Structures are given as structure tokens and as C-alpha cells.
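Contents: one structure, followed by commentary.
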Amino acid sequence: MSQPPTLLGIRHHGPGSARSVQHALNELQPDAILIEGPSDAQEILPLAGYAEMQPPVALLIYRPEDPQQAVYYPFAEFSPEWQAIQYGLQHDVPVRFMDLPQAQRMAMEAKEKPAEINPEIDKTDSPNAPTPAIRQDPLNWIAEATGYGDGERWWEYMIEQRRDSQDLFQAVLELMTALREETANLPFETLEACREAFMRRTIRQTQQAGYQRIAVICGAWHVPALAKPPPIKDDNALLKGLAKVKVTATWVPWTYGRLTYASGYGAGIEAPGFYHHCWMAPDAVSVHWLSRVAQLLREHDLGASTASIIEAVRLAEALAALRQRSQPNLTDLNEAALAVFCSGSETPLTLIREKLLIGERLGQVPAETPMLPLQQDLQRQQKRLRLPPEAGQRLLELDLRKANDLARSHLLHRLNLLNISWGRTERVDGKGTFKENWRVQWQPELAVALIEANVWGNTVADAAANYAQITARDSDELPELTRLAEQVLIADLPPAIGPVMTRLQNVAALTSDIPHLMEALPPLSDTLRYGNVRQTDTALVAHIVDGLVTRICIGLPAACASLDDDAAQAMFAHLEAVNSSINLLQNQEQLEYWQALLLRLTDQQGLHGLLAGRCCRLLFERNALEADQVGRRLSWALSTANEPNQAAAWIEGFLRGSGLILLHNETLWQILHEWVIGLRDDVFVQLLPLLRRTFATFAAPERRQMGERVRGASPSGMGPMDMAIDQDRADRVLPLAMRLLGLA
Numbered sequence: 000m001s002q003p004p005t006l007l008g009i010r011h012h013g014p015g016s017a018r019s020v021q022h023a024l025n026e027l028q029p030d031a032i033l034i035e036g037p038s039d040a041q042e043i044l045p046l047a048g049y050a051e052m053q054p055p056v057a058l059l060i061y062r063p064e065d066p067q068q069a070v071y072y073p074f075a076e077f078s079p080e081w082q083a084i085q086y087g088l089q090h091d092v093p094v095r096f097m098d099l100p101q102a103q104r105m106a107m108e109a110k111e112k113p114a115e116i117n118p119e120i121d122k123t124d125s126p127n128a129p130t131p132a133i134r135q136d137p138l139n140w141i142a143e144a145t146g147y148g149d150g151e152r153w154w155e156y157m158i159e160q161r162r163d164s165q166d167l168f169q170a171v172l173e174l175m176t177a178l179r180e181e182t183a184n185l186p187f188e189t190l191e192a193c194r195e196a197f198m199r200r201t202i203r204q205t206q207q208a209g210y211q212r213i214a215v216i217c218g219a220w221h222v223p224a225l226a227k228p229p230p231i232k233d234d235n236a237l238l239k240g241l242a243k244v245k246v247t248a249t250w251v252p253w254t255y256g257r258l259t260y261a262s263g264y265g266a267g268i269e270a271p272g273f274y275h276h277c278w279m280a281p282d283a284v285s286v287h288w289l290s291r292v293a294q295l296l297r298e299h300d301l302g303a304s305t306a307s308i309i310e311a312v313r314l315a316e317a318l319a320a321l322r323q324r325s326q327p328n329l330t331d332l333n334e335a336a337l338a339v340f341c342s343g344s345e346t347p348l349t350l351i352r353e354k355l356l357i358g359e360r361l362g363q364v365p366a367e368t369p370m371l372p373l374q375q376d377l378q379r380q381q382k383r384l385r386l387p388p389e390a391g392q393r394l395l396e397l398d399l400r401k402a403n404d405l406a407r408s409h410l411l412h413r414l415n416l417l418n419i420s421w422g423r424t425e426r427v428d429g430k431g432t433f434k435e436n437w438r439v440q441w442q443p444e445l446a447v448a449l450i451e452a453n454v455w456g457n458t459v460a461d462a463a464a465n466y467a468q469i470t471a472r473d474s475d476e477l478p479e480l481t482r483l484a485e486q487v488l489i490a491d492l493p494p495a496i497g498p499v500m501t502r503l504q505n506v507a508a509l510t511s512d513i514p515h516l517m518e519a520l521p522p523l524s525d526t527l528r529y530g531n532v533r534q535t536d537t538a539l540v541a542h543i544v545d546g547l548v549t550r551i552c553i554g555l556p557a558a559c560a561s562l563d564d565d566a567a568q569a570m571f572a573h574l575e576a577v578n579s580s581i582n583l584l585q586n587q588e589q590l591e592y593w594q595a596l597l598l599r600l601t602d603q604q605g606l607h608g609l610l611a612g613r614c615c616r617l618l619f620e621r622n623a624l625e626a627d628q629v630g631r632r633l634s635w636a637l638s639t640a641n642e643p644n645q646a647a648a649w650i651e652g653f654l655r656g657s658g659l660i661l662l663h664n665e666t667l668w669q670i671l672h673e674w675v676i677g678l679r680d681d682v683f684v685q686l687l688p689l690l691r692r693t694f695a696t697f698a699a700p701e702r703r704q705m706g707e708r709v710r711g712a713s714p715s716g717m718g719p720m721d722m723a724i725d726q727d728r729a730d731r732v733l734p735l736a737m738r739l740l741g742l743a
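According to numbering that gives the first Met the number 0, the sequence shown is numbered sequentially starting from 0.
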């Protein structure tokens, strides 16, 4: 008869647990290894032994018809399961995943409801009585009972920092057995029961296959359930008739940032970067760690000398001794770094946390890993364009005049079109049209987005083009189609340009909503103006832009009639955007149409003051109106025949954004000055918020010059006032001024 399996209860990520598993396997010399992991992934398990496989990586199991239903199983270098896999592959020992297949778990989770708590169960007055939440994190309850802040701290001190792993797993078995006995009366989820039943079935099958020395690596909570199995018929009854769904398994790169519990990962840890350091440098952890901290600070121009390292190590060891620990833990090291390197400031600790405690490590999977064609194409392009995925953020400055940078831009824009947000564009300083800045950062979940996008095509270019055409076909919104057309052009997708532009033209021809037409113009104008830098054929865009400008000029007067304040504010923004677009294109015919429209709007009866004032300002900037003509219109707008609110709106529209016109044109200044001083007190109080809002848009130097001019104005509003100078007081200041200037 086969001997009982050796049960190694672990936490899923931790250098101490990994070393203990290594030690136990070396002692046991098993002939079979069973690991808590999805049995669906058994076929791709051997890939873990390839030299190109570099943790952190994760098993990804998903439903092909709905890739959003996906589950990740992450592994780091210091994960006990990963070390067990490596031991088995290196020693030719069969390794097998023994957990319930995700094909069955997904089917169960789709219909299983959480177990309800029976209020009659486990009535007790003890404040330390366990609750159903203990099954989610049993270590927290143990930590509270033993005086630790949380389960992470307790496990790190008791397990991860342990040097002697003898009898460790027996102690874990006894602890978890007692803990499960305390919670025996609490409801038990069907999914959890099925998982443990499947693990026991896998162990029995392995024993029946003739293996004698079986090592079982699983979460500590499951160990008691595997140590004392129930009758076989009970497990068979639980597993009988379980539904299945179709799933696919693969390996994907992972990051340390996604190993933290802050990322939402249920089995996450606090500091994967620190654990990696402990795994790679188990001896003199404090010295090596604080040396890395000092090096990081020096790289960012922060002081950290060798003497400071020695002092920080001594402080960390002293803190550990005071707290009755054999060696410093992460809390001690952080406090020592805060006191010695950071002088009590928390800001450098944020840098240490991001760069070292968590780290920016991104794993790698071998080329033999099962991938969809779209994933393979992206990898080829990343290699060809020398644009590898990285876990940390990186600013990518592209010069679109260079072939490689232009190809990089096309790739990133195509991925964004497919909702694969590897990078996002950032504002570029200066007026050059050949620059483009991207902030790129690879996230593991983008692997699922790639799988979803594979339905559109086998290459990034084909998928983006097909997606754009289908989206255009199904859209009736002009702004959405305009943005799509812009994306298609800057992503250089010739197969999609024609269909998208045709759809855009058809929808624009049927659209009577002038604000929609105005919203559609700026993106197309940008593309038309700067498209030549990208070597893009913009003939179709020019035709559509001509049609949009013509229709806007025809329909805008009616669209601006009888607007309330909110609608006028919205139309003001559209008016500014269209004016900027027409100025950008510098098409003489369009400029003439637009100028004629502005003149018509300026004199239109019933036009909201905000729009009338803005049209007058735009005409003045184009030299279509002389200063005296603007002055007459300003006088009409501010006359007593008009409502004060309408007059204030006209001023806001005319002046918003820049007050230089007032500073340099005395006629306009005088008209405005006389209007303000002529307001009744109650009307002035009513209009003050409107005027304040207008003047708040001016630059600080403009506001200062206006204030100085008002303070120094004569009663007529113009010219400086005569000011008497006290000669005696001025003479008293001269000796001090001479000394300050060094002339005494």
C-alpha cells in the first residue's frame, strides 16, 4: 500500500516558504509532485522549464468565446509552487496540477450564490469568536489572537524569516487543523468543498498509479482536509455531474505590481520586490537591502553615504532586538531608512516603495507559448521596432520624420483604436508638428485585451482596420465618426480610410445639428493641416472639411438664435474651436466665408451678448473692423437701452481670454470706463460677479497693468493725476538707498 503523501502547507508567495519547500523536497526525494493549480493548464506546464521563461509570469485561463471571463495564476521566483515545478522539471519528476479545473469552476461560479450565514449557528459571547470571513483570510484571525497587526506580519515573522524549516509543515498542519475545528459549524461554500474533493481524488489517482513518495504543495488552509480525507463516495458525490465550459490556457508575463494586495490580487503580498531581494540574497539581508536603498537615492540626487548605510543597518538591528526579533523585518528596515536616509520625510519612502519594495520587474514567456496570431504579430512588431514592453512607465519621444519612430506611432495608435492602451499621448511643447510624446507602460491585463481583439484580425493593422470599418458602419453620431476618422488617418490604415470617410460624409450630409458639425470640424482640420508630416493622403479629408465649413456658415445664424446662458456658453466654445480650425487651414475661400458669417452674426438681432461680443472681437483681430467701428458697437452694447446683464455678457464675450485690447486702445478703455462708473449701485452689485469672471481670465500682468492704470487715472479717466511729492520725506530715504546700492 502507498504511504501517505507529504503535505507541504504554504502561503502562495514568500521566500521563506519557498526555501522550506526546497529543503523538504531535497529530503523527501519525491517520485511525484502535486501542486495546487488548475488542472486545465497541465499541457502547458512543461513550458515553465524553458530557459526563456523568466518570472514573474502567470497562467491565464479564459473562455475563448468571452475572454473577459479569465483567471490568472501568478508565479514569482520566490513562489513555493514555482520552486516545486522547477524541482520536478529539473529532476524528471512528474509534476501535476491537482486543483478543480477552471472549466468547472467558471461554470459553478456563474450560478453559485455565496452561502448565507445562519444566525443560530455559533452563538457566542466571546469577542474572539471566529466569523465566516476567517475562511477568506485565516491568518488575520491568528495574527489578532497573537498580538500582530495583520496576517501578513505574523506569517512573515513566523514563516518567511524562519531559518530552520524542521517540523515547520507539521506545525502548519496542527495550526490549521485547530483553526478549522473552530470554524466547523460555519457554512461551507460548495465551490471550496468541490476543490478539496478534487484534490483528494487527484492524490488517490496518483497513489493508485504506483507512486510512493508524493509531495503535495498547497495552501495551508487546505492541508487538514487532505490529511484526513472523508470516504471516497462522499468526494465522488460532490464531483458528480459538474457542468463545464470551454476554456483555453496559456502563459503571460506578469509584474510585481500585480502581485501586491493593493492591486486587488486576493493572494497578494505587501512588498514583492523586497521578497525577491530576500530570495536572491538570503544572507546579510539588511546590509544588502539598505545598500540598494542608498544607491537608489543617490541615482535621484539624494544624499546617502556609506556611513549612513552603516548607521541605518545598526538602527534596524537595534529595532529588531528591542522588538524581540532575531533579525530586522521590513518594518524595521523602513523605519531605519526613514530616520537615517530620509531625515523623517515620507516623500523619499514613496520612491523606495515604487522602485524597490514593489519594483518594476516584468516577466518573459518563451516563443513556444500558445498564442493567438494577433499576439504573435504584436511581439514581432515590438522586436522589429525595438519597443519592448516594460512594467515601469517610460516617456517615448518620437520624431515622425524618422521611419522607425513613425512606425512606432502607427503601432501605438492602432493599439489604442483596439482599446489596448499600452501608451497614451502627452502634450508636446513647441510648435513643431513632427513631434509626438507617449507615456508607455505594459500591464498584464492587456493580454486579455489582445485576445479579445483577435476576432478583428490576425495582425494589428488588419484588426484595427476591420474594427474601424465595423464601428463606422454601426455609428450614426457625427462626433464619434470624426474622432474615428482622425484615428484611422493617424494610425495609417488605408483599407479603412475610404469606408470610414464615406460613412462620415453620408452622416454629415444628413446631419442638421450645427453644434455636431462644429464639433466634427477641429479633429479633421488638425489631420488635414498636419497629415503631410505622416505622409498621409488627405484629399478625402479636404473634401469633407469644405462641406462642413459651408454647412456651418449657412446654418450657424439660425442655430445661434434665442439661446439661453448655458446654450450660449456651449456655442461660444464651438465658435472658438471652428475659428481656430479655419485659421489653421488658411484656406482663402473658407476665410472669406467665415468672416462674412461673423459680420452677419455681430449685427444679428436677438443674438446673445456673449456671442455678439466674441464675433466682434474675432473680426477686430482679423482687421475686418477698425477700432472706431468696434468702439461704436461697444457703445451700442453698453447703452442704457440694453439690459445690464446683456451688456455684461457682451463685454465677457469680447474680452474673455485677453485684456491687451483694453490696454492698447484708449477709445475702448474710455467707453468701458464710462459705462462702469455710470452704473447704479444696485446694478453694479448685480454685475460684479460677471465682470470679475471676465477679468479673471486675463493674465496676471494684464490685470496688474489695468489696476495701476485705474489707480493713476484722472477724473476724466485718462492720463496720470498730479501728485504732490513730500521732498523732506524723500530726502530721508536717500542715505539708506545709497548704502543699499553701495554708493555711500
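Just so it is clear, CB atoms sit at the ideal spot from N, CA and C, and this is done for glycine as well.
Bear in mind that the values here come from a model prediction, so they are computed numbers and not experimental data.
Check: Trp421 - DSSP class collapsed to helix/strand/coil; Outcome: coil
Check: Neighbour-count burial assignment, Arg313, 16 or more Cβ in a 10 Å radius; Outcome: exposed
Check: Simplified DSSP assignment, three categories, for Gly718; Outcome: At Gly718, the pLDDT of 44 sits below 50, so the modelled position is not reliable and the matter cannot be decided from this model.
Check: Between the CA atoms of Ala320 and Gly267 - distance to the nearest angstrom; Outcome: 28 Å
Check: Start-to-end residues for the beta strand (DSSP E) that takes in Ala576; Outcome: Looking at the DSSP string, Ala576 is not in any beta strand (DSSP E); the run it does join, the alpha helix (DSSP H), is 564-584.
Check: Selection from Ile419, Val292, Gly240, Leu386 that minimises the alpha carbon distance to Asn403; Outcome: Leu386
Check: CA-to-CA distance, Leu397 to Leu742, given in whole angstroms; Outcome: 55 Å
Check: Segment limits, beta strand (DSSP E) that includes Leu59; Outcome: 56-62
Check: Same chain only: Cβ atoms within 8 Å of Ala623, ignoring 5 sequence neighbours per side; Outcome: Gln594, Leu597, Leu598
Check: Cβ-heavy atom distance, Leu394 to the ligand NAP, below 8 Å; Outcome: Absent from the structure shown: the ligand NAP. Ligands present: none.
Check: Distance between Met370 and Asn505 (C-alpha atoms, nearest Å); Outcome: 40 Å
Check: Cβ-based neighbour list, Val70, same chain, cut-off 6 Å, excluding 5 preceding and 5 following; Outcome: Ile60, Gln101
Check: Proximity to Ala507 [Cα-Cα], best of Arg528, Ala490, Gly422, Ser474; Outcome: Ser474
Check: Beta-carbon contacts of Leu24 that lie in its chain and below 7 Å, excluding the five residues immediately before and after; Outcome: Ala83, Tyr86, Ala214
Check: Residues of its chain near Gly605, where Cβ-Cβ distance is below 8 Å and the 5 sequence neighbours each way are ignored; Outcome: Ala560, Ser561
Check: CB contact flag (Ala471, Ala495, <9 Å); Outcome: yes
Check: Which of helix, strand or coil DSSP assigns to Asp239; Outcome: Reading off the sequence, residue 239 comes out as Lys, not Asp. The answer is coil: DSSP assigns Lys239 none of H, G, I, E or B.
Check: Reference Leu373, options Ala462, Gly150, Glu310, Gly240, closest by Cα; Outcome: Ala462
Check: Extent of the continuous alpha helix (DSSP H) to which Trp220 belongs; Outcome: Element bounds for Trp220: n/a, residue is neither H nor E.
Check: Lys382, enclosing alpha helix (DSSP H) - first and last residue; Outcome: 372-383
Check: Beta-carbon proximity check, Ala636 vs Gly658, cutoff 9 Å; Outcome: no
Check: Segments assigned beta strand (DSSP E), at least 3 residues, entirely inside the segment 167-218; Outcome: 213-218
Check: Rounded straight-line distance, which links the Cα of Val709 to that of Ala646; Outcome: 21 Å
Check: The alpha helix (DSSP H) enclosing Leu332, as first and last residue numbers; Outcome: 329-339
Check: Assigned exposure category for Ile543 - 16 Cβ within 10 Å defines buried; Outcome: buried
Check: Host beta strand (DSSP E) of Leu33 (start-end); Outcome: 31-37
Check: Distance CB(Leu483)-CB(Leu503) smaller than 9 Å; Outcome: yes
Check: Residues bridged to Tyr72 [DSSP beta-bridge criterion]; Outcome: Leu58
Check: DSSP three-state assignment for Lys245, whether helix, strand or coil; Outcome: coil
Check: Simplified DSSP assignment, three categories, for Leu667; Outcome: helix
Check: Lys122, buried or exposed, once every other Cβ within 10 Å from all chains shown has been counted against 16; Outcome: Below a pLDDT of 50, predicted positions are generally treated as unreliable, and Lys122, at 35, falls in that range; the measurement from the model is reported next regardless. Result: exposed.
Check: Three-way DSSP call (helix, strand, coil) for Pro521 in this model; Outcome: helix
Check: 8 Å CB neighbourhood of Gln603 in its chain, flanking five on each side removed; Outcome: Pro556, Cys559, Ala560, Ala611
Check: Length at least 4, wholly inside the segment 584-632: the alpha helix (DSSP H) runs in chain order; Outcome: 587-601, 608-620
Check: Buried or exposed (CB count within 10 angstroms, at least 16 for buried), Asp627; Outcome: exposed
Check: Host alpha helix (DSSP H) of Ile351 (start-end); Outcome: 346-351
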